[in-house]
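Undergrad: Residue numbers (our numbering): 15 to 307.
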Amino acid sequence: MNHWWHVPFYVSVRGLTTGPIPYEDMIFEMQFNFRDEVHVLSIETSEGDSRVVPLKGLSVAGFYDRVFSSLGDLGIVAGIRPMPYDIPEVSTEPFPSDFQHASYDEEYVNRFWRILVQVSSVFQIFRGWFTGKSSPVHFFWHHADLALTLYSGRPVPVMEGANSVEREIFSNEMISFGFWAGDKKMREPAFYAYMYPQPAGFMNEPLSPKEAFWSHQSGLALLRYEDVRNAADSPEKAILDFLESVYQAGAKRANWDIETFRLPSSEKQFKEQAQKQYKGQADILEKLERPDA
15 MNHWWHVPFY VSVRGLTTGP IPYEDMIFEM QFNFRDEVHV LSIETSEGDS
65 RVVPLKGLSV AGFYDRVFSS LGDLGIVAGI RPMPYDIPEV STEPFPSDFQ
115 HASYDEEYVN RFWRILVQVS SVFQIFRGWF TGKSSPVHFF WHHADLALTL
165 YSGRPVPVME GANSVEREIF SNEMISFGFW AGDKKMREPA FYAYMYPQPA
215 GFMNEPLSPK EAFWSHQSGL ALLRYEDVRN AADSPEKAIL DFLESVYQAG
265 AKRANWDIET FRLPSSEKQF KEQAQKQYKG QADILEKLER PDA
């Protein structure tokens, strides 16, 4: 699919899923179960056959071997480039020989998934306000971020030095939004957004809520997860305000047709929904346990 949309996972009722994958005269699906007592990867076909791979107690090499032997048992012949992608600070060891990485913490995997469930729901609301081309709300596994991208419909020149992946990702003007658990530069979970290509003055535009800020070094708009959880009004509204403020900044500076892309009833619906939801009701993100709970 365009922009590598066939690659990510999707948030599911149990964890993360590939969604249905066509194979010869059937489909199959691979789903991580982070919800139930035993965390597993289940592989199931439309023919009714299935296999289960445990997530705890295996190294990367052991997991890789079990996954592909299970696919073989189901009659599915598949091959990948068995190398970590775009995470050199974490590992460059090929999967078949990576016996070093073997830890798995069910509690924190479950907590992270429950956060993704809530964030995915908010991203879906925001996606519904935009009538132009947009990506699904999907989970890119290499940086472990939930992402959503909106497009103006205008192609852009290939960036200098782009690899084969980047040439497709950055082939159209876009504003991208996401949530991730942080990295070596951002040492805490946060919501982020950026625009490509970045128009002049983009990072001079105001952001909402007041806790959001521009990172000129990374070219990102950022909103810390902790600030969202502690939002005085509503965590959900804080996220939506952040996403909308970045969208307005980019659309304004790049001359997008904002009115054409706007769902006519979205603003009225959101106001009505907000009046009902934010008075005396616990917001969906407030259902999350705090780490010190």
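Built from N, CA and C at the ideal position, the CB exists for glycine as well. Quick caveat, the model's predicted, so the values are computed rather than measured.
Please report the residue range of the alpha helix (DSSP H) in which Glu-187 lies.
TA: Along the sequence shown, read from residue 1 onward, the residue named residue 187 stands at position 173. Premise fails: Glu-187 lies in the beta strand (DSSP E), 186 to 194, not in any alpha helix (DSSP H).
Undergrad: Is the Cβ-Cβ distance between Ser-229 and Phe-256 less than 9 Å?
TA: Along the sequence shown, read from residue 1 onward, the residue named residue 229 stands at position 215. Along the sequence shown, read from residue 1 onward, the residue named residue 256 stands at position 242. Result no, Cβ atoms of Ser-229 and Phe-256 do not sit closer than 9 Å.
Undergrad: Please report the distance separating the alpha-carbon of Gly-89 from that of Phe-227.
TA: Your numbering for residue 89 matches position 75 in the sequence shown. Your numbering for residue 227 matches position 213 in the sequence shown. The alpha-carbon atoms of Gly-89 and Phe-227 are separated by roughly 51 Å.
Undergrad: Excluding the 5 residues preceding and the 5 following Phe-275 in the sequence, name in chain order all residues of the same chain whose CB lies nearer than 7 Å to its CB.
TA: Counted from its first residue, the sequence shown places residue 275 at position 261. So the qualifying residues of the chain are Phe-144, Thr-145, Gly-146.
Undergrad: Using the rule of at least 16 other Cβ atoms within 10 Å of the residue's Cβ for burial, across every protein chain shown, is His-53 buried or exposed?
TA: Translated into positions along the sequence shown, residue 53 becomes position 39. Classification of His-53: buried, given that the 10 Å Cβ count is 16 or more.
Undergrad: Are Leu-236 and Ala-204 closer than 9 Å when you measure CB to CB?
TA: What you label residue 236 is simply residue 222 of the sequence shown in a count that begins at 1. What you label residue 204 is simply residue 190 of the sequence shown in a count that begins at 1. Cβ atoms of Leu-236 and Ala-204: closer than 9 Å.
Undergrad: Alpha carbon to alpha carbon, how far is Tyr-206 from Gln-262? Give it in angstroms, no decimals.
TA: For this step, residue 262 is matched to residue 248 along the sequence shown. For this step, residue 206 is matched to residue 192 along the sequence shown. So the alpha carbons of these two residues sit roughly 15 Å apart.
Undergrad: Return helix, strand or coil for Glu-107, following the three-state DSSP convention.
TA: Against the sequence shown, residue 107 aligns to sequence position 93. In the three-state reduction of the DSSP assignment, Glu-107 falls in the coil class, being assigned neither a helical nor a strand state.
Undergrad: Quick check on this structure: which residue in Phe-193, Phe-154, Arg-28 has the alpha carbon closest to the alpha carbon of Glu-202?
TA: Reading the sequence shown from its first residue, position 188 is the one you call residue 202. Here the closest residue by C-alpha is Phe-193.
Undergrad: Taking only three categories from DSSP, how would you classify Ala-228?
TA: Locating residue 228 in the sequence shown gives position 214, counting from the first residue. Per the sequence shown, residue 228 should be read as Trp rather than Ala. In the structure shown, Trp-228 sits in a strand (DSSP, three-state: E or B).
Undergrad: From this set, Arg-49, Val-67, Asp-63, Gly-62, which residue's C-alpha is nearest Leu-55's C-alpha?
TA: As a working mapping, residue 55 is identified with position 41 in the sequence shown. Measuring from the Cα of Leu-55, the nearest candidate turns out to be Val-67.
Undergrad: For Arg-80 versus Phe-48, is the C-beta spacing smaller than 9 Å?
TA: By one-based count along the sequence shown, residue 80 stands at place 66. By one-based count along the sequence shown, residue 48 stands at place 34. No, they are not a contact pair.
Undergrad: What runs of the alpha helix (DSSP H), each 4 residues or longer, lie entirely inside the stretch 245 to 276?
TA: 249 to 267, 272 to 275
Undergrad: Can you tell me where the beta strand (DSSP E) holding Gln-138 begins and where it ends?
TA: To locate residue 138, count along the sequence shown from 1; it is residue 124. Taken as a continuous stretch (DSSP letters only), Gln-138 belongs to no beta strand (DSSP E), being part of the alpha helix (DSSP H) at 120 to 142.
Undergrad: Out of Asn-16, Tyr-165, Phe-23, Ile-272, state which residue places its alpha-carbon closest to the alpha-carbon of Leu-130.
TA: Here residue 130 refers to the residue found at position 116 when the sequence shown is read from its first residue. Cα-wise, what sits closest to Leu-130 is Phe-23.
Undergrad: Given that a residue counts as buried once 16 or more other Cβ atoms are within 10 Å of its Cβ, and exposed if not, what is Thr-106?
TA: Along the sequence shown, read from residue 1 onward, the residue named residue 106 stands at position 92. Exposed is the call here.
Undergrad: Using the Cα positions of Pro-213 and Gly-233, report the straight-line distance between them to the nearest angstrom.
TA: Position 199 of the sequence shown, counted from the start, is the residue given in the question as residue 213. Position 219 of the sequence shown, counted from the start, is the residue given in the question as residue 233. Cα-Cα distance, rounded: 11 Å.
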